[in-house]
Amino acid sequence: MDQAQVWRPEDTEPPVPETPGSEIFRPDILDAIEKKIEEMSKELNDLSLDIHAHPELKYEEARTHDVLTSFMSKKGFTVEKHYLLPTAWLATYKHGQGGRTIGVNSEMDALPGVGHACGHNLIAIAGVAVACAMRTVLERFDISATIQLLGTPAEEGGGGKVKLLDRGAYKDMAACLMCHPAPGPKGSVSLSGSLAIQQLTVEYFGHTAHAALSPWEGINALDAAVLAYNNISALRQQLKPTARVHGIFEGKDWAVNVIPDYAKYLCYIRAPNAAELKEVVDRILPCFPAAAQATGCEHKINMAESLTDIHQNKALGEEVARIVKSRYGGIDYVWGIAHASTDFGNITYALPSLHPGFAIPTVPNGGNHTRDFAAAAATPIAHQACLDVSKALAATGIRVLIDDAFYAEVKKTFEEKQRL
């Protein structure tokens, strides 16, 4: 997840659009959820800080996998380790006979160099809190249903959820819920969407030579990568303001006095939705072979699977909004992860889903993917914000399970969005 819009301390009041109705569905259930999550607060915080102190990169979350699966096993869930992917896992709790299945996601991976600078330690415990609170409700109120908490690796550039989706991990879920921290006004929960993204790498292949003695004998792969970068920069004026294109170079065995024979350009292309993303990608792609032709290099383009924008389910979002505004804070559609991207977008295209952001305080210019945000993700106030949004998500999940009219509306709004 990459965050472009950063909250400033002077931005104290989030916009609060009107939300239909203000009544809480089954306040007795929400009370039980609140009690359970607050009872678990210390152990959830300990779990969060443990994950935060041991960051692991995409598809390398072995320790985090073990810590979370051990925790869920002790909470009475049936746990499948290494579920469909080496570091993914599934924790299931079933009560009674029949009923719907509600899905929840816990993310786990960190970022190179800056650790949990996207707050996935908080996302991990949010999933745990939601699942455990819903289990308490199923038992106390004797509700027949199933809870599936899915540990999802490699959100940061690995598309872990897309792979899990393709392998059937979400097939039984009536709906899926998760959340994500971001800078924003204190006490706010965001129902913004996100950007669609195409990740790609371009490899350039040249020929080495002595950079001073006989540079004319070389074919400079780094020059090709730099030209591709500049080609895109020249194109920016003709791209819509809503597009985002950014990238970095990587090399192999580079030395100042050797003409580089290999360079890799890692590039991310973003747009508001999948259709606009294709238009931007089509404009960007010619920049890469043009650079190869200009320098005499060979090139190879490797395109990852596209990630879609988030389709926030309207009915699920309105339920979360009612709960948050009644007890925890405000709702906005501006902050959150509106200008970021996530592999959960593909999940929202496949089944009714919700991915609210929740605000945690940070310093100016200390948004997601900074060391300052990593520090913010370990603070007590961030922990409480995580617990509050978890309560709203758990109550919303229970309503999916027991309120047939509400679930029909959830399905209806999902189907309507799919037709757009």
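UniProt numbering puts the first residue of the sequence shown at 1, with every later residue one more than the last. Ideal Cβ positions, reconstructed from N, Cα and C, are used throughout, including at glycine. Predicted, not measured: the structure shown is a model, and the values here were computed from it.
Note down, in chain order, each residue of its chain lying with its Cβ closer than 7 Å to the Cβ of residue i, except the 5 sequence neighbours on either side.
i    : result
A271 : L195, A196, T242, A243, L277 and V280
K36  : C132, A133 and T136
G157 : K58 and Q199
K314 : T413
M40  : A129 and C132
D50  : V67
V324 : V189, I331 and A392
Within a Cβ cutoff of 6 Å, which residues of the same chain sit near residue i, ignoring the five residues on either side of it in sequence?
i    : result
H116 : H52, P55, A110, A374 and A377
K94  : T146
V130 : V104, S390, L393 and A394
M72  : V79 and A91
E114 : The amino acid at residue 114 is misidentified as Glu; the sequence shows Val. These residues qualify, in order along the chain: R371 and A374.
E217 : A209
E34  : K391
V245 : I232 and I269
Y407 : V400
Provide the residue span of the beta strand (DSSP E) that contains residue i, from first to last.
i    : result
P380 : Element bounds for P380: not the beta strand (DSSP E) but the alpha helix (DSSP H), P380 to I402.
C297 : Run containing C297: none; DSSP gives neither H nor E here.
A224 : First-last for A224: A221 to L235, but that is the alpha helix (DSSP H), not the beta strand (DSSP E).
S190 : S188 to S190
E318 : Note, E318: premise wrong, no beta strand (DSSP E); alpha helix (DSSP H) at K314 to R327.
D372 : Looking at the DSSP string, D372 is not in any beta strand (DSSP E); the run it does join, the alpha helix (DSSP H), is R371 to A376.
R270 : Y262 to A271
I147 : A145 to T152
G366 : Per DSSP, G366 belongs to no beta strand (DSSP E) and is neither H nor E.
I259 : Unbroken run through I259: none, as it is neither H nor E.
H95  : W89 to H95
F358 : G357 to A359
Would residue i count as contacting chain C if we go by Cβ distances under 8 Å?
i    : result
S326 : No chain C appears in this structure, which consists of one protein chain only.
Please report the residue range of the alpha helix (DSSP H) in which residue i lies.
i    : result
C132 : H120 to R140
G345 : F344 to A350
I51  : S41 to A53
H65  : A62 to K74
G160 : G160 to D166
K278 : A274 to I284
Can the beta-carbon of residue i be found less than 8 Å from the beta-carbon of residue j?
i           : j    : result
residue 435 : S233 : Outside the modelled stretch of the chain, which goes from 1 to 420, sits residue 435, for which no answer is possible.
I347        : L165 : yes
T92         : T78  : yes
I125        : L47  : yes
S190        : Y333 : yes
R283        : L222 : no
S192        : I398 : no
P260        : G247 : no
G98         : S144 : yes
P356        : V320 : yes
G127        : A88  : no
L138        : S106 : no
residue 428 : K417 : Any property of residue 428 remains undetermined from this structure, which presents the chain solely from 1 to 420.
V202        : I301 : yes
M178        : F344 : yes
What's the C-alpha gap between residue i and residue j?
i    : j    : result
L401 : I102 : 7 Å
P84  : R167 : The sequence shown places Leu at residue 84, rather than the Pro named in the question. Rounded to the nearest angstrom, the two C-alpha atoms are 7 Å apart.
F25  : C287 : 54 Å
N230 : Y268 : 15 Å
T295 : Q198 : 26 Å
C118 : G160 : 16 Å
Y265 : P86  : 28 Å
D31  : Q384 : 17 Å
P364 : W335 : 15 Å
Y328 : D28  : 17 Å
A340 : P215 : 42 Å
K240 : H82  : 42 Å
Y349 : A182 : 23 Å
D309 : T342 : 8 Å
T396 : T64  : 27 Å
Y170 : D404 : 21 Å
H120 : M108 : 6 Å
D253 : R100 : 55 Å
E415 : Q237 : 37 Å
Q293 : F249 : 19 Å
C289 : H369 : A small correction: the amino acid at residue 289 is Pro; Cys does not occupy that position in the sequence shown. Cα-Cα distance, rounded: 31 Å.
Whole-angstrom Cβ separation of residue i and residue j, contact assumed at under 8 Å?
i    : j    : result
H180 : I123 : 6 Å
L200 : A291 : The Cβ separation is near 14 Å, so there is no contact.
L316 : L354 : 4 Å
A263 : Y204 : 5 Å
K186 : P361 : 6 Å
V410 : A175 : 6 Å
N257 : A212 : 6 Å
Which same chain residues, not among the five before or five after residue i, have their C-beta less than 8 Å away from its C-beta?
i    : result
D142 : H95 and G96
H207 : E217, G218, I219, I259 and D261
M173 : T101, I102, G103, Q148 and L351
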